[in-house]
Amino acid sequence: MEYISGVVEQITYGNEDNGFRVIKIKSKGFTGLVTVVGSLAAVNVGAIIRVKGEWKMNSKFGKQFMALDYRETLPATVAGIQKYLGSGLIKGIGPVYAKRIVQHFQEDTLRVLEENVDRLIKVEGIGQKRLAMIKKAWQEQKEIKNVMLFLQSNGVSTAFAVKIFKTYGNESIEIVKTNPYRLADDIWGIGFKTADKIALQMGFEKNSFARCRSGIVYVLNELSNEGHCYGKREQLLEEAEKI
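Residue numbers (this note's numbering): 8 to 250.
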């Protein structure tokens, strides 16, 4: 497995349903832009990312870096912040307003957005209506990033994190904290074993009710897949003890 880091320069393709994106990053050591593909739903132009993955040769598009996971940091330079805000990330801020905002607040721009967004009213052309639009969009982006960070820090892959957010939205963190075994019921592709791994990493006890319930359902499904119409109590308990 390899790692590459760089600044996101372009997003050439994006599927909003599954979070798949094709992006191009400027990375030290490479003469041109590097094409990165994978579940990169929360990545935006101007962001700095560190990607874990592997190189693949696509017959049509050439050499690409297949992302398995990534971590993002916000830009710190004036130019980087302007590109980040002007990318269309925040409704109400396009390239023109991004330039005005950054010219006004310089390196403090992101801190102003985070801590006192009402100060944007001082920027030429931003009235109450546009300010309200920007505040709402910025809050939505914060919530998305918070969810992705929480899930990734608890062992959830980026691909599954996208699916979870698409299903639960802003309630993702609360639902996963309360009962991560719901993922096995609600998210296609996440079975008991994946949900169990997440739950145990979060500190759930092996004899918790949520785990026992989900484990029994898993055993019943396995028996069904093997062609059984029902499972005897002894057989069910024996198989459940193995997990």
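We put the CB at the ideal spot given by N, CA and C, even for glycine.
Requested in this report: Grab me the residues of residue 194's own chain with a C-beta within less than 8 Å of its C-beta, minus the 5 sequence neighbours each way, in chain order.
Outcome: 167, 170, 171, 174
Requested in this report: Rounded to whole angstroms, what's the CA-CA distance from residue 53 to residue 105? Just pull it up for me.
Outcome: 12 Å
Query raised in the report: Do residue 48 and residue 165 have their C-beta atoms within less than 9 Å of each other?
Result: yes
Requested in this report: Could you tell me whether the region 133-141 touches the region 94-113, using the rule of 3 or more Cβ pairs below 8 Å?
Outcome: yes
Requested in this report: Let me know if residue 203 comes out buried or exposed under the rule of 16 or more other beta-carbons within 10 Å of its beta-carbon.
Outcome: buried
Report task. May I ask which residues mark the beginning and end of the alpha helix (DSSP H) holding residue 172? Result -> 165-175
Report task. Mind reading off the beta-carbon distance from residue 78 to residue 56? Whole number of angstroms is fine, and I expect it under 8 Å. Result -> 7 Å
Query raised in the report: Does the Cβ of residue 244 have 16 or more other Cβ atoms within 10 Å, making it buried, or fewer, making it exposed?
Result: exposed
Query raised in the report: Between the C-alpha atoms of residue 71 and residue 43, what's the straight-line distance to the nearest angstrom?
Result: 6 Å
Report task. Determine the direct distance from the alpha carbon of residue 111 to that of residue 131, and round the result to whole angstroms. Result -> 9 Å
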